[in-house]
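Below: the structure, in structure tokens.
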Amino acid sequence: MTALAVLVGTGCLKQIILEGQIASTRKASVAVNTIGDYEVAEKAAMAGIATIEGLRYLAPDNEDALFMLTRSWAGLSFGFAEDAMERAEDKDGTGPDWDYHKRRAESGYDRAIWYGMQLVDKKAPGFKDATKNVDTMKVYWQQFEDKEDAELLFWLGNAWLGRAGVSKEKPELVSEVFIGVTMIERSVELDPEFMMGTGFVMLGAYHARTPMAELEEAKQNFDKAIAQSDGKMFLPKVQLAIRYYCNKGDKENYEKLLNEVLAAGDGEPYQRLPNTIAKRKASRWLGKERMRANCGF
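What the sequence shown shows, in the numbering used here, is residues 943 to 1239, in sequence order.
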């Protein structure tokens, strides 16, 4: 009784309860990926991130809260803000609506990076000094040795590359793409099976960034991702089409892959939301104007 009274009196019990709530929230948060209804998932994700922001406000140094915010802001930016950005572009071009959603995506990626860097600095101080070049970055990431670190590096790298992708007009961000690439490379070294090989999708997209980039290396990474998920994750095929076959000028395989995605069934039940997002992207990239403007078909 005396020990319990001390805990209550000092606020330790409240803190223990809070830490337990945050840990449970992290475990349960992956359930949103089982939702196939895009609009329901979007509203759920928005509500969830507000809750996590509140929990992190109460426990600013909690690593589970920092991680969830890194993952959530990166996922929201790609899955919802960039989706809205592409829809606006197809409707009215790069007008005010497109610019609004572009800024939403940039802000979300910025926030993901801000939270993720706090976790990185906790694990291995000295990140800023390591950003000189690819070699110094690779040495720095060697300090992340546990398989569990793959998850953080994946989502932080996702945000880093995503921010550069939607901010191509900002040379200071584009010049730092190598930082995000080395994060993803280390992530797949630690756990190549994470999210059924989605890290390979990101590496494939990077290596197919232009028609003059490393297209065959890109193809190898996309093929690894497709094999890793046994075809049950649809984003690898979408990215293979719109990055590799688009840059190769191969309209036949481009359309074939995107139509395969649209015709596919449920895929992986625990990844319904990512697969729904992939199908939406596949449908848009089969649009005649988008194909002509991006691929020259």
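Where a beta carbon is used, it is the ideal one built from N, C-alpha and C, also for glycine.
ask   = How should Met1154 be labelled, buried or exposed, when 16 other C-beta atoms within 10 angstroms of its C-beta is the threshold for buried?
value = Working through the sequence shown from its first residue, we reach residue 1154 at position 212. Classification for Met1154: exposed.
ask   = Taking Cβ positions, are Gly1058 and Leu1115 nearer each other than 8 Å?
value = Stepping through the sequence shown from its first residue, residue 1058 is reached at position 116. Stepping through the sequence shown from its first residue, residue 1115 is reached at position 173. Going by C-beta atoms, Gly1058 is not nearer than 8 Å to Leu1115.
ask   = Measuring CB to CB, does Met1138 end up less than 8 Å from Glu1210?
value = Residue numbering aside, residue 1138 sits at position 196 when the sequence shown is read from its first letter. Residue numbering aside, residue 1210 sits at position 268 when the sequence shown is read from its first letter. Yes, they are a contact pair.
request  = Please name the residue in Gln963, Glu981, Ala973 and Cys954 whose C-alpha comes closest to that of Ile1219.
outcome  = Locating residue 1219 in the sequence shown gives position 277, where the first residue counts as 1. Of Gln963, Glu981, Ala973 and Cys954, the residue nearest in Cα terms is Glu981.
key: C-beta contact flag for Gln915 and Leu1008 at 8 Å   = Not covered by the structure: residue 915. The range shown for the chain is 943 to 1239.
ask   = Residues in its own chain within less than 6 Å of Ala1147 by CB, not counting five upstream and five downstream?
value = In the sequence shown, the residue the question calls residue 1147 occupies position 205. So the qualifying residues of the chain are Gln1181 and Arg1185.
DSSP state of Arg1053 mapped onto helix, strand, coil = Start at 1 with the first residue of the sequence shown, and residue 1053 comes out as number 111. Residue state, collapsed to three classes: helix.
query = With 16 as the cutoff for other CB atoms within 10 Å, does Cys1188 come out buried or exposed?
reply = Counting from 1 along the sequence shown, the entry for residue 1188 is found at position 246. So Cys1188 counts as buried.
message = Given this structure, state the Cα-to-Cα distance separating Arg998 from Arg1105, to the nearest angstrom.
response = By one-based count along the sequence shown, residue 998 stands at place 56. By one-based count along the sequence shown, residue 1105 stands at place 163. Approximately 23 Å between the Cα atoms of the pair.
request  = Take Ile1121 and list the residues in its own chain whose beta-carbon comes closer than 8 Å to its own, dropping the five residues that flank it on each side.
outcome  = What you label residue 1121 is simply residue 179 of the sequence shown in a count that begins at 1. So the qualifying residues of the chain are Thr1073, Met1079 and Trp1102.
ask   = Less than 8 Å separating the beta-carbons of Ile994 and Leu1018?
value = Translated into positions along the sequence shown, residue 994 becomes position 52. Translated into positions along the sequence shown, residue 1018 becomes position 76. Taking 8 Å as the Cβ cut-off, Ile994 and Leu1018 do not qualify as a contacting pair.
request  = Please check the pair Asp1063 and Phe1069, which I expect to be a contact at CB under 8 Å, by giving their CB distance rounded to whole angstroms.
outcome  = Here the question's residue 1063 lines up with position 121 in the sequence shown. Here the question's residue 1069 lines up with position 127 in the sequence shown. The Cβ separation is near 6 Å, so the contact holds.
ask   = How would you write the range of the alpha helix (DSSP H) that Glu995 sits in, first residue to last?
value = Numbered from 1 along the sequence shown, position 53 holds the residue referred to as residue 995. Where Glu995 is concerned, the enclosing alpha helix (DSSP H) stretches over Tyr980 to Leu1000.
message = Quick check on the DSSP output: the alpha helix (DSSP H) that includes Ser1225 runs from which residue to which?
response = Looking up residue 1225 in the sequence shown gives position 283. Per DSSP, Ser1225 belongs to the alpha helix (DSSP H) from Arg1214 to Trp1227.
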